[in-house]
Every structure is written in C-alpha cells, then in structure tokens.
Amino acid sequence: MARTQSIVILTGAGISAESGVDTFRDKDGIWSKYDYRDVATPEGFVRNPKMVFDFYNMRRRGLAKVKPNAAHEALARLEQEFSGAFLLVTQNIDNLHERAGSRNLIHMHGELDSALCKVCECRSDWPDDMEQGSSCPACGTVGYLRPDVVWFGEMPYQMDRIHESLAGCDLFLSIGTSGNVYPAAGFVDFARAHGAHTVELNLEPSEGHSVFHDAIHGKATKIVPDYVE
Ligand code: BV8
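For the sequence shown, this note's numbering gives the first residue as 479, with consecutive numbering after it.
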C-alpha cells in the first residue's frame with residue numbers, strides 16, 4: 479500500500495463469523511432460520527413487533543458472548559498506522575469493529591446497541607429486552623421505540639458520505655460479504671468506476687467477484703492480517 483492515499487473498506491457478516499456471530503446466507507445462517515420479511519422489514523415490524531423485538535434481543539444477547547477476532551484487530555491496526563484517508567463501512571450491526579479499536583466507522587445498516595424513537599427520532603442505548611411497551615429515554619414516549627437497524631426497503635445510513643469516500647479512494651477492500659444486498663453490493667462498481675483498485679477478501683467468491691481487480695479467498699482471521707501486514 480506504499481502509494482495508497484485513501485482506503486475505503488466494506489465489511490459484512492463474514493468478518494465476524496470466526497467470532498461466533500452467525501452469517502446470513504451461509505449454511506444454517508440467519509435467513510435459513512428466519513424469513514427476512516418477518517424480522518427485517520418495516521411491514522414485518524408492524525405485523526408482529528414482538529417477533530422482531532425477540533429476534534433482535536436474541537442477537538443482542540449473543541453479542542455479550544463474543545469478542546473481536548484477528549481480522550477486526552488487523553483493520554483497527556491498519557487505521558491507526560495508515561497516514562492517508564481511511565473509512566471503514568460495515569453492513570454488520572454488531573459492535574466488534576469498535577471493540578477492536580476501529581474509529582472512522584459507519585454502520586450503514588444500523589447497530590444492535592442502539593434504539594431509535596419514532597417520535598423524537600433520538601437514538602439511545604438499547605434497553606435490555608426492549609419490547610413494544612419500552613419508553614424512550616429521551617422523550618419518555620411509550621411504545622414508539624424500534625431497533626436502530628436498516629430493514630429491507632429502508633435507506634441505509636450515511637450514503638452521501640460513503641459515496642463521497644468511494645469516489646475519492648484509490649483502494650477499495652470488500653471483506654466477508656456475499657455481495658447480495660444493495661446498495662452495499664454496488665460499492666465495488668462505483669469505486670472501480672472512479673479509479674480505485676478493488677480487492678475482495680472472502681471465504682469464497684461473492685456474487686460480485688468478477689468486478690474486483692483482485693481476490694483473496696480464505697478465512698478472514700488468516701487473509702485479513704496477512705493482507706494488512
Ligand atoms: C434500500 C438488517 C432503497 C440488519 C439487512 C438495488 C439497489 C438498491 C436496493 C436494491 C437493489 N436491488 C434490490 C434492492 C433492495 C434490497 C436488496 O438489496 N435486496 C437483495 C436481497 C436483492 N436492498 C434494500 O432494501 C436496502 N435498502 O435499497 O433502500 C431506498 C431508496 C430510497 C428511499 C428509501 C429506500 C437495505 C438493505 C439493508 C437490509 N438490512 N439487515 C440486520 O438484521 O442485520 S441486510 C443483511 O444482509 C445484513 O444487514 C447483512 O449485513 C447484509 C449483507 O449480508 P452479508 O454481510 O454479506 O452476509 P452473508 O451471510 O450474505 O455473507 C457472508 C459472506 O461471508 C459469505 O460470502 C461467506 O462466504 C463469507 N464468510 C463466511 N465465513 C467467513 C467468510 N469470509 C471470510 N472468513 C470467514 N470465516
């Protein structure tokens with residue numbers, strides 16, 4: 479990376495897999511146990527809020543049992559040691575990147591640790607076992623808290639900032655994502671069109687693997703530290 483001035487990294491569930499966090503589309507993944515239309519859409523939340531709260535409360539309780547792995551730590555080291563512009567965009571709603579020390583980080587699909595009030599639009603820490611009757615710590619309204627998570631059909635967070643960084647980067651890394659979900663899956667096209675060198679680091683070729691200049695396949699805890707060093 480000697481001449482690299484600006485790096486944008488996109489991560490997906492695969493970077494947290496070896497920490498023990500379930501991925502979505504692998505065998506026995508989350509979408510093999512839940513229908514995304516029930517638990518990851520606004521319509522599903524209106525239809526059965528308890529099912530959605532149970533789904534996210536279960537995943538949040540799981541966070542307490544896992545910790546960052548060598549791949550998360552390698553990206554935090556890269557950010558600290560790299561002198562140019564650095565942005566880490568994650569599709570993950572776990573908190574493993576920040577616990578590994580990453581700072582310049584965007585959770586484009588939201589965060590398990592955060593609740594959003596539909597009345598005052600304030601974000602607050604996820605109350606333990608949040609449910610329909612939980613009140614907003616900021617405005618006190620009862621029954622209007624939801625997971626601060628981007629569901630299908632909702633606009634991911636900070637897209638302008640992400641596109642601005644993608645347009646200006648000269649290296650784009652995609653780590654641990656199947657390339658199924660847009661607009662994240664389109665970032666490689668956008669970065670490449672703006673002149674970036676693009677590399678995929680994943681267990682296996684993703685949906686968009688042919689768009690990347692280079693690809694490194696293997697487990698994240700091995701290939702990411704090797705690539706960063
Ligand atoms: C939107 C909620 C518009 C949080 C999730 C074209 C353009 C724009 C939109 C669309 C489009 N076409 C279709 C759409 C709609 C839709 C979409 O993309 N559908 C797909 C399924 C076709 N997109 C949306 O709805 C998005 N919103 O576009 O809004 C809009 C415009 C204007 C105004 C309003 C709205 C919203 C998308 C976000 C949805 N939320 N989840 C949560 O519960 O977690 S998506 C869900 O998939 C997760 O967030 C996850 O992050 C994301 C992507 O999955 P991955 O991270 O890639 O995980 P996956 O299991 O798939 O893959 C893991 C990979 O890791 C595998 O490749 C595996 O091989 C690898 N791996 C495994 N182990 C390891 C490993 N790699 C290395 N080491 C290992 N050990």
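For every residue, glycine included, the Cβ atom is placed at its ideal position computed from N, Cα and C.
Treat the numbers as computed from the prediction; the structure is a model and nothing was measured.
- Comparing C-alpha distances from P615 to each of G631, M633, T482, K596 shows the shortest one belongs to K596.
- Spanning the alpha carbons of A548 and E557 requires a straight line of approximately 14 Å.
- Judged by DSSP in its simplified three-state form, F502 adopts coil rather than helix or strand.
- DSSP, reduced to helix, strand and coil, places I508 within a helical segment of the structure shown.
- In this structure, A693 lies away from E496, with their beta-carbon atoms at least 8 Å apart.
- The three-state reading of DSSP puts V627 in strand, counting E and B together.
- With 16 or more other CB atoms across the displayed protein chains lying within 10 angstroms of its CB, A518 is buried.
- Taking the C-beta atoms as reference points, V702 is found nearer than 8 Å to A552.
- The beta carbon of P527 sits closer than 7 Å to the beta carbons of Q610 from its chain, once the five residues preceding and following it are set aside; these are given in chain order.
- For A563, the uninterrupted beta strand (DSSP E) segment begins and ends at 563–568.
- Relative to K511, the option among I493, F533, S494 whose CA is nearest is F533.
- A straight line joining the alpha-carbon of F630 with that of H585 spans about 15 Å.
- Residue side-chain check: T655 places its Cβ nearer than 7 Å to a non-hydrogen atom of the ligand BV8.
- Taking the Cβ of G522 as the reference point, every heavy atom of the ligand BV8 lies at 7 Å or farther away.
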